[in-house]
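*Asks:* Below is the structure I would like to discuss, written out as structure tokens.
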Amino acid sequence: MTGSHRVVVDTGSDRAPWRQVRDQIVHLIATGELPVGSTLPSIRQLARDLGLAPGTVARAYRDLETTGVLETARSKGTRVASSPEAAPTTEPLTAAAHEFAERARDIGADLNTALAAVEDAFRASEPRHEQEP
Numbered sequence: 007m008t009g010s011h012r013v014v015v016d017t018g019s020d021r022a023p024w025r026q027v028r029d030q031i032v033h034l035i036a037t038g039e040l041p042v043g044s045t046l047p048s049i050r051q052l053a054r055d056l057g058l059a060p061g062t063v064a065r066a067y068r069d070l071e072t073t074g075v076l077e078t079a080r081s082k083g084t085r086v087a088s089s090p091e092a093a094p095t096t097e098p099l100t101a102a103a104h105e106f107a108e109r110a111r112d113i114g115a116d117l118n119t120a121l122a123a124v125e126d127a128f129r130a131s132e133p134r135h136e137q138e139p
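Numbering-wise (my numbering), the sequence shown opens with residue 7 and increments by one.
See the structure below:
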């Protein structure tokens, strides 16, 4: 990625800035604009270019490293390791749980509140069996 001119963060969006960065990097890789082996800017450089805190960019990079899309080595920096389609897929329930946890954190929910919301939603979605008179 030559500079961060391809990544733009919309501060008015309801989507967290780290998620916007992550999703745009995935898009650039998926479309071939960032081929496997491409070097990304350092966390500090991209954060500076986008006017974000380094921790915000670090979270996006870390998420992409976890899924195998990026890899970071001290001597080589952060590089594209694989295309998003080639990255290992996670089990659907685990993926949904990760998405829920991210959204819950984004709105400021703590673990107990998030778990209670899941329990309530799970119970509400259970099929109701009508009792016979």
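Note that CB positions come from ideal geometry on N, CA and C, so glycine has one too.
Owing to the predicted nature of the structure, the values given are computational and were not obtained by experimental measurement.
Can you tell me the Cα-Cα spacing of VAL63 and GLU132, whole angstroms?
*Replies:* 39 Å
*Asks:* Are VAL15 and LEU56 touching if we call contact CB-CB under 8 Å?
*Replies:* yes
*Asks:* Who are the Cβ neighbours of SER48 in its own chain at under 7 Å, not counting the five residues just before and after it?
*Replies:* GLY83
*Asks:* Counting only the same chain and skipping the five closest in sequence on each side, list residues whose C-beta sits under 8 Å from that of ARG68.
*Replies:* Once the five neighbours on either side are set aside, ARG68 has no close Cβ partner at all.
*Asks:* Name the one or two DSSP bridge partners that GLY83 has.
*Replies:* ALA79
*Asks:* When you compare only the Cα positions, how much space is there between GLN26 and SER44?
*Replies:* 20 Å
*Asks:* Determine the DSSP secondary structure at THR45, reduced to helix, strand or coil.
*Replies:* strand
*Asks:* Hey, how far is the Cα of VAL13 from the Cα of VAL32?
*Replies:* 11 Å
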